[in-house]
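Structure record follows, encoded as structure tokens.
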Amino acid sequence: MEKLLIYREKLLKFLSSHWQVCGPLGKFIGGVFIFYVINSLFGYSKILSQPFSTLILAGICVFLPFSMTYLLCNLIIIIHLSVVSMEIAILYFIIMGIYYLLYQRMFPEMRYLFFMTPVFFFFHLTAVIPLFVGSFIGITGIPAIVMGTFLYIFAQTVQSGVVQVNNGSFGSQLYNFVLQGTIENKQLIIYILCFIFVAALIVGIRRMQVDYGWYFSIFIGGIAYVTIVLVGGFFTGNRVDIGGELIIAAVSILVVMIMQFFKIVIDYSRQETLEFEDEDYYYYVKAIPKSRVNEEEINITKINPAGKKFGFKKHKGE
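No gaps in the numbering here: position 77 of the sequence shown is 77 in the numbering used here, and each next residue is one more.
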């Protein structure tokens, strides 16, 4: 454990001292993932779907605040949708406008959660979403991941409608099919209920202030995620890959625990309970110190025998 803490401190110090390089590099990599997923889900514009477009857009995001990156991502989606149907593009614009008025303008720091959600959906790490929100954000982040889930299902529904149109088996208006198909999607309902419950469960466990509650809540949240997805799939008749969901939950638990490890580590073996009072209250305070490791610099000097060092040989009689 001590070695892990040493490596953690080394990595954090490296990132801190080289943040002028690591910060823009991180924004570029994040932009590549976001625009790659957007162009994969809404890849209807031939120009924007090209790999060089993804790299150019990610490079632009390096010089933009995330508020502008958020607007750029939505603009790219609208351009893709306008290639398919202007009505669907307008529908998306209206939905995002309502979302902004009801939630986003009051919690602007949650913008990244909105696009982080379809990214984890795309890479089949869906359990990371509620575990991350419950562990690091709280219940204020739930609407953002709910809307991000809607975006992912919306994209899949548009893809299904476009396939039916290309096959000539589509008889109704496309935007009606997309809107109704998204809202009535059983998978969307399952994931929304699952994310809300798991995130709220983790927040509740963390507030109980039990020892190792941060890691315990992540583990329990992962189990709750698998249970809800399997039970929901059974009652709605959706086919669920049990083995796949277990792997997703296990990997997601590991990912979020690693995030928690790099955020903060505390030493429960050294916790103390303090008691004091003032004129109005009597206080019970639990104090748990953070785990800190001071890396010692150890210089090892290798000393060779003089004779071996210079290649001298001793002969008998000398």
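Note that CB positions come from ideal geometry on N, CA and C, so glycine has one too.
For M110 versus N74, is the C-beta distance shorter than 7 Å? Translated into positions along the sequence shown, residue 110 becomes position 110. Translated into positions along the sequence shown, residue 74 becomes position 74. No, Cβ-Cβ distance for M110 and N74 is not below 7 Å.
Based on DSSP bridge pairs, tell me the residues matched to V285. Position 285 of the sequence shown, counted from the first residue, corresponds to residue 285. Answer is L274, bridged to V285.
Could you pull the start and end residues of the alpha helix (DSSP H) that I137 belongs to? Against the sequence shown, residue 137 aligns to sequence position 137. Per DSSP, I137 belongs to no alpha helix (DSSP H) and is neither H nor E.
Range covered by the alpha helix (DSSP H) that runs through N238: Counted from its first residue, the sequence shown places residue 238 at position 238. Unbroken run through N238: none, as it is neither H nor E.
How long is the line joining the alpha carbons of E272 and F197, rounded to whole angstroms? Residue numbering aside, residue 272 sits at position 272 when the sequence shown is read from its first letter. Residue numbering aside, residue 197 sits at position 197 when the sequence shown is read from its first letter. Cα-Cα distance, rounded: 33 Å.
Taking 7 Å as the threshold (C-beta atoms), are V37 and V119 in contact? Counting from one through the sequence shown, the residue named residue 119 turns up at place 119. Counting from one through the sequence shown, the residue named residue 37 turns up at place 37. Yes; because the gap between Cβ atoms is below 7 Å, this pair is in contact.
Alpha carbon to alpha carbon, how far is V240 from G233? Give it in angstroms, no decimals. In the sequence shown, the residue the question calls residue 233 occupies position 233. In the sequence shown, the residue the question calls residue 240 occupies position 240. So the alpha carbons of these two residues sit roughly 6 Å apart.
Measuring only the C-alpha atoms, how far is I236 from L188? On the sequence shown, residue 236 is found 236 positions in, with the first residue counted as 1. On the sequence shown, residue 188 is found 188 positions in, with the first residue counted as 1. Per the sequence presented here, residue 236 reads as Thr, with Ile not at that position. Each residue's Cα considered, the two are about 11 Å apart.
Tell me the DSSP secondary structure of P51 in three-state form. The residue given as residue 51 occupies position 51 in the sequence shown. Correct three-state label for P51: helix.
Relative to the C-alpha of S49, which candidate in I76, P24, S67 has its C-alpha closest? The residue given as residue 49 occupies position 49 in the sequence shown. Closest option to S49, Cα to Cα, is I76.
Quick check on the burial criterion: 16 or more other C-beta atoms within 10 angstroms. Buried or exposed for F262? Translated into the one-based positions of the sequence shown, residue 262 becomes position 262. With fewer than 16 other Cβ atoms inside 10 Å of its own Cβ, F262 counts as exposed.
In the DSSP assignment, find the alpha helix (DSSP H) that holds K325 and state where it starts and stops. With the chain covering only 1 through 318, there is no way to say anything about residue 325.
Determine the DSSP secondary structure at F219, reduced to helix, strand or coil. Position 219 of the sequence shown holds residue 219. It is helical.
For L4, count neighbouring C-beta atoms within 10 Å of its own C-beta (all shown protein chains included) and say buried if the count is 16 or more, exposed if not. Sequence index remark: in the sequence shown, residue 4 carries index 4 (1-based). Exposed, by the Cβ-count rule.
Sequence ranges, alpha helix (DSSP H) only - wholly within the stretch 92-132, length at least 4: Listed in chain order, the alpha helix (DSSP H) runs fully inside the stretch 92-132 are 111-122, 128-132, counting runs of at least 4 residues.
Count the other CB atoms, across all protein chains shown, that sit within 10 Å of the CB of Y175; report buried if there are 16 or more and exposed otherwise. The residue labelled residue 175 in the question sits at position 175 within the sequence shown. Per the 10 Å Cβ criterion, buried.
Measuring only the C-alpha atoms, how far is E297 from I6? The count along the sequence shown starts at 1 and reaches residue 297 at position 297. The count along the sequence shown starts at 1 and reaches residue 6 at position 6. Its pLDDT being 45, under 50, E297 is placed unreliably in this model, and the value from its coordinates should be taken loosely. Annotation: E297 to I6 spans about 12 Å, alpha carbon to alpha carbon.
Touch test, the stretch 210-224 against the stretch 139-157, Cβ-Cβ under 8 Å, three pairs minimum: With the cut-off at 8 Å, the stretch 210-224 and the stretch 139-157 do not touch.
Compare the beta carbon distance of G213 and I205 with 7 Å and say whether it is the shorter of the two. Position 213 of the sequence shown, counted from the first residue, corresponds to residue 213. Position 205 of the sequence shown, counted from the first residue, corresponds to residue 205. Yes, the Cβ-Cβ distance between G213 and I205 is below 7 Å.
By how many angstroms is the C-alpha of T54 removed from the C-alpha of I90? Looking up residue 90 in the sequence shown gives position 90. Looking up residue 54 in the sequence shown gives position 54. Each residue's Cα considered, the two are about 24 Å apart.
Below 8 Å on the Cβ atoms is my guess for Y191 versus T149; work out the distance and round it to an integer in Å. Walking along the sequence shown from the start, residue 191 turns up at place 191. Walking along the sequence shown from the start, residue 149 turns up at place 149. The Cβ separation is near 5 Å, so the contact holds.
Is I142 buried or exposed, if buried means 16 or more other CB atoms sit within 10 Å of its CB? Taking the sequence shown and counting its residues from 1, one reaches residue 142 at position 142. Note on I142: 16 or more other CB atoms within 10 angstroms of its CB, so buried under the neighbour-count rule.
If we ignore side chains and look at the alpha-carbon of each, how far apart do F115 and E277 end up? As a working mapping, residue 115 is identified with position 115 in the sequence shown. As a working mapping, residue 277 is identified with position 277 in the sequence shown. Each residue's Cα considered, the two are about 48 Å apart.
So R206 is in the alpha helix (DSSP H); what residue range does that whole segment cover? Taking the sequence shown and counting its residues from 1, one reaches residue 206 at position 206. Run containing R206: 186-206, per the alpha helix (DSSP H) assignment.
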